[in-house]
Amino acid sequence: MQAALSATPAVLTVELEPSAVMTGRPPEPLDRDRAELLAAPIADDLRRIVGEEVESAGLILPAALYDLTELLRPGLPMVEAMLDIYRGSLRGGAFQPQLLAIGSAGGRFPESAIAPAREPGSGPLLAVPFALIAPGPQLDPLRQTLESTLLEKGRASLATDRALRQMLGVEPVNLSYATFHDLSALMKVQLEHAGFGELWQLIEASLYRPDSVEVQALSAGNRFIAFGGSVWTPWKTWDQSVEERPDDPRAAEEDYTTWTQNQRQTMAGLARHGVHVSVTAPASGIGADDPEVALSVAQAHALPDDQGWYREPVVGSLEAARATHNVAVISGTEQSLPSLGPVAYTVMIQSADGSLLLLEHDYPIRENGIRALLQHWEAQAAELGATWHLERPERLTTSAETGQLQPWLEFGGSA
């Protein structure tokens, strides 16, 4: 009985001038005919670098350029997709080494799982991924050879350089081959150099250690718990920051600014690598020394994935306010910090006689959070026949006594 097929992935890295990727997108994938013209010189390069024994394995290559974040994702879905496509090409028959170049038809790949995102600003280091495919025992020696020689000897040929320039329309400043492990090492160095070492630790845990629970605690108080290719992180509110610095409002603002910057950058970095991030409500057990306990508490307090903001209630509830059948005004105050823009929205519901029915602070936690929460409150006002106001004072509106957030009290423009 033939051993199950296995895949060992690698890439041709394509380094571009930073100015070439500032606003543009990576080029469209090649069609099927031109995909074969790109794959041929790459196959020749592999024979030169690895040796003739590489021909005992199949080679599959999607003819497109990808950002590295599209390749280094939990479960390595690109590799699984290439293996599935190669396996399907055998139509249930025995393994046969072949060169399988995947091109687009009508601008689309046959499998959406390998379609390049082509996000604006991708790069400047892009990659053409490929995989060697063979039964596991047959592939193991080739895998070891790739890991030991590809990065050291993996300069692309002039023929490969010419094919990229002519067919993809790029002007590479450097072309070289690397394994996925080489890519991981490169990304680790880049992120650590930029001050995002903890982000890489979370990505690495999601990629290579999904069965272990790993906690990253940043100096600013951000906390991230990685497990199973996902990450949980508690949200911190402005009022929590004030409680930690009750006698120093400026320090509280600096602390919260740093925390929010870290939170946004880390969540965005994880999302780019396809790491699912669950935001949780603040809970003391999330800070437990035991990672298993911290994970359990975080999972119990996770907010729904479709909830774009975290609600911090102060007075009342929406359900109780609606039950009065006396909602007259719903007002929102945009709470902003100079370098961050909006960080929260203070929402107040009042009755016709001015009584306070609800006061809460809503914190956008996702990219679409601001739009979603504003649409939510506008819809509530319309449904209840209430007036909707939104004030944007372009700063934080806080209590002089406690430093905590409060609503903008006069719609006319002065607090």
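For the sequence shown, position 188 (counting from the first letter as 1) is numbered 213 according to the working numbering, and the numbering increases by one without interruption. All residues carry an ideal CB built from backbone N, CA and C; glycine is no exception.
Assigned exposure category for residue i - 16 Cβ within 10 Å defines buried
i           : result
residue 344 : exposed
residue 90  : buried
residue 218 : exposed
residue 21  : The chain is shown from 26 up to 440; residue 21 falls before or after that span and cannot be answered.
residue 173 : exposed
residue 147 : buried
residue 441 : Outside the shown range of the chain, which is 26 to 440, sits residue 441, and nothing can be said about it.
residue 365 : exposed
residue 18  : No answer is possible for residue 18: it lies beyond the span of the chain, which begins at 26 and ends at 440.
residue 166 : exposed
residue 261 : buried
residue 428 : buried
residue 70  : buried
residue 350 : exposed
residue 315 : exposed
Contact set for residue i: own chain, Cβ-Cβ below 8 Å, skip 5 residues either direction
i           : result
residue 227 : 239, 241, 249, 251, 256, 291, 295, 300
residue 212 : 93, 97, 225, 228
residue 440 : With a pLDDT of only 39 at residue 440, under 50, the local geometry of the prediction cannot be trusted, and the value read off the model is given with reservation. So the list reads 418, 422, 433, 434, once near-sequence residues are dropped.
residue 200 : 37, 38, 39, 40, 180, 181, 185, 186, 189
residue 30  : 108, 111, 112, 120, 158, 159, 160, 161
residue 198 : 40, 41, 42
residue 414 : 354, 355, 356, 357, 436
Reduced DSSP secondary structure (H/G/I, E/B, other) of residue i
i           : result
residue 250 : strand
residue 366 : strand
residue 168 : helix
residue 310 : helix
residue 241 : strand
residue 350 : coil
residue 85  : strand
residue 385 : strand
residue 445 : The chain is shown from 26 up to 440; residue 445 falls before or after that span and cannot be answered.
residue 274 : helix
residue 224 : helix
residue 34  : strand
residue 43  : helix
residue 440 : At residue 440 the pLDDT is 39, less than 50, meaning the model places this residue with poor confidence; the figure from the coordinates comes in the next sentence. Three-state result, residue 440: coil.
residue 378 : coil
residue 236 : coil
residue 282 : helix
residue 74  : helix
residue 53  : coil
residue 361 : strand
residue 342 : coil
residue 263 : helix
CA nearest to the CA of residue i, picked from the options
i           : options            : result
residue 134 : 54, 98, 183, 174   : 54
residue 433 : 100, 421, 426      : 421
residue 331 : 357, 397, 341      : 397
residue 176 : 164, 323, 210, 184 : 210
residue 136 : 164, 380, 87       : 87
residue 322 : 259, 270, 356      : 259
residue 327 : 406, 67, 390       : 390
residue 131 : 169, 78, 203, 56   : 56
residue 406 : 388, 426, 329, 376 : 376
residue 281 : 204, 360, 311      : 360
residue 45  : 400, 151, 293, 202 : 151
residue 253 : 100, 80, 367, 247  : 100
residue 153 : 116, 84, 306       : 84
Close-in-space but distant-in-sequence residues of the same chain around residue i (CB under 6 Å, 5 per side omitted)
i           : result
residue 438 : Confidence in residue 438 is poor, its pLDDT being 38 and thus under 50, which makes the residue's placement unreliable; the coordinate value appears in the next sentence. There are no such residues.
residue 43  : 149
residue 313 : 319
residue 386 : 337, 369, 371, 430
residue 74  : 178, 179
residue 140 : 134
residue 221 : none
residue 204 : 35, 171, 172, 175
residue 311 : 259, 319, 322, 323
7 Å CB neighbourhood of residue i in its chain, flanking five on each side removed
i           : result
residue 394 : 333, 334
residue 346 : 352, 374, 382, 383
residue 298 : 94, 97, 98, 228
residue 62  : 188, 192
residue 283 : 245
residue 104 : 32, 34, 156
residue 66  : 182, 184, 185, 188
Counting only runs that start and end within the stretch 393-435, where is the alpha helix (DSSP H) found for 4 or more residues in a row?
394-409
Continuous alpha helix (DSSP H) assignments of at least 4 residues falling wholly in the stretch 287-337
316-325
Note down, one range per segment and in chain order, each alpha helix (DSSP H) of at least 4 residues found wholly within the stretch 140-216.
161-178, 183-193
Where in the stretch 88-149 do unbroken runs of the alpha helix (DSSP H), each at least 4 residues long, occur, reported from the N-terminal end onward?
93-96, 102-114
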